[in-house]
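J.:
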Amino acid sequence: MLNLFILPETNKGVRLILRRISQHVKDQNWFAVALDFVIVVAGILIAFQITVWNEVRKDSAEEQKYLTRLHSDVIDALNTSFNHAALKSKVQNSLRSTLEAFKPNSGIEKLTSQQCASVYFSHIYEAPFPSLPTVSELLSSGRFSVLGSERLRDLLAKHEQTRDGYQRFADGMLVNRIVMAAEHSDLIQIGVEFHNFSSDGSNFFDHISDDIIACDLASMRSDVRFKNNLIDNTARHHEFHRSVAAQYEQLQEIHRELDSVIGLSHGDAMP
Ligand SMILES: [Zn+2]
């Protein structure tokens with residue numbers, strides 16, 4: 006609104022009206038004085054409304070820009086998180102079925118390659134918590150409120166909170182963890198191809214075979230220390246798997262809300 010008086014044309018207009026009012030006062034033409042006041046007030050109100058409309062239009066364009074970038078961040082994070090969650094889920098299921106072999110009269114004679122590999126992987130609790138760079142930028146620049154959806158802002162704030170707590174949780178998981186293949190190298194034989202384990206861990210896990218990794222189940226059963234360590238690692242891995250799965254679900258919820266705000270639909274294309 007103040008800008009209105011900075012413009013030379015507007016200044017000229019205001020001076021003109023003030024001169025007119027002063028003349029009307031001298032002439033004691035009160036009706037004309039009242040009319041001039043109405044014109045001034047209406048002018049100010051219209052200028053104020055135009056400023057508000059411009060601000061709204063600017064914020065809306067900025068919100069769209071951030072929503073598009075945020076959507077791209079969320080898709081990247083979902084893909085990363087999906088791969089981690091898929092691998093952790095397979096390892097966890099295999100670890101549970103491996104523990105079955107340690108129950109009396111289980112009838113299980115031999116561990117499969119996947120079960121044996123899950124024993125190997127049972128100490129691995131590292132999985133990066135996917136970040137959303139656009140959210141970090143919005144928070145650090147104080148522009149977070151440019152996102153109009155309150156639900157989206159809530160979900161993103163929760164995601165940031167979980168991310169903050171995740172590192173402490175992950176560090177705790179590493180305390181006194183047991184590297185089974187090193188601690189019980191007499192029970193687990195690893196082939197050199199095992200080093201081909203890649204970031205697509207889930208695919209590697211599915212195609213693992215006896216010549217890559219093999220376990221001596223009979224000796225494992227008679228080794229109490231091994232059994233205790235396996236139970237400890239399975240419990241830790243269970244907690245870690247739950248955390249990774251929860252991250253994935255949180256990202257899915259953000260994505261659903263984001264799609265609804267933007268008006269996007271992927272069909273079945275997303276993981
Ligand atoms: Zn989407």
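Using the working numbering, you'd call the opening residue of the sequence shown number 6 and step up by one each time. Heads up, the beta-carbon is just placed ideally off N, CA and C, and yes, glycines get one too. Only a predicted model underlies this, so the values are computations on that prediction, with no experimental measurement involved.
Rounded C-beta distance between L104 and L222? I'm assuming under 8 Å.
T.: That belief does not hold up - the Cβ atoms of L104 and L222 are roughly 12 Å apart, past 8 Å.
J.: Whose CB is closer than 5 Å to a heavy atom of ligand 1? List the residues in chain order.
T.: D264, L269
J.: Taking buried to mean at least 16 other C-beta atoms within 10 Å of its own C-beta, is Q33 buried or exposed?
T.: exposed
J.: Compute the Euclidean distance between the alpha carbons of S270 and A90, then round it to the nearest angstrom.
T.: 23 Å
J.: Restricting to runs no shorter than 4 residues, where is the alpha helix (DSSP H) found entirely within the region 108-194?
T.: 118-126, 138-145, 155-179, 185-188
J.: Need the endpoints of the beta strand (DSSP E) that I213 sits in, please.
T.: Careful: I213 lies outside any beta strand (DSSP E) and carries neither H nor E.
J.: Given V45, which residues of its chain have a CB within under 8 Å of its CB, disregarding the five upstream and five downstream residues?
T.: V19, I22
J.: Apart from the five residues on each side of it in sequence, which residues of its chain come closer than 7 Å, Cβ to Cβ, to V79?
T.: L137, L256, I259, H260, L263
J.: Restricting to Cα atoms, I'd like to know which of M225, S145, V124, G268 is closest to S99.
T.: Proximity to S99 across M225, S145, V124, G268 peaks at V124, based on C-alpha coordinates.
J.: Residues in the same chain with beta-carbon distance under 8 Å from E68, minus the five sequence neighbours each way, listed in chain order, please.
T.: V151, L152, G153
J.: Let me check you understand the geometry: is the CB of I213 closer than 7 Å to at least one non-hydrogen atom of ligand 3?
T.: As far as ligands go, the structure on display features ligand 1 and does not contain ligand 3.
J.: Where A186 and Q194 are concerned, what is the direct C-alpha to C-alpha distance, given to the nearest angstrom?
T.: 8 Å
J.: Which of the three DSSP states is assigned to I217 in this structure?
T.: coil
J.: From D41 to W58, what does the alpha carbon distance come to, in whole angstroms?
T.: 26 Å
J.: Which word fits S127, buried or exposed, when buried means at least 16 other C-beta atoms lie within 10 angstroms of its C-beta?
T.: The residue in question, S127, is buried, as its Cβ has 16 or more Cβ neighbours within 10 Å.
J.: Measure the alpha-carbon distance for L7 versus A82 and round it to whole angstroms.
T.: Only weak support exists for where L7 lies, its pLDDT of 45 falling under 50; the value from the coordinates is given anyway. Roughly 45 Å between the two C-alpha positions.
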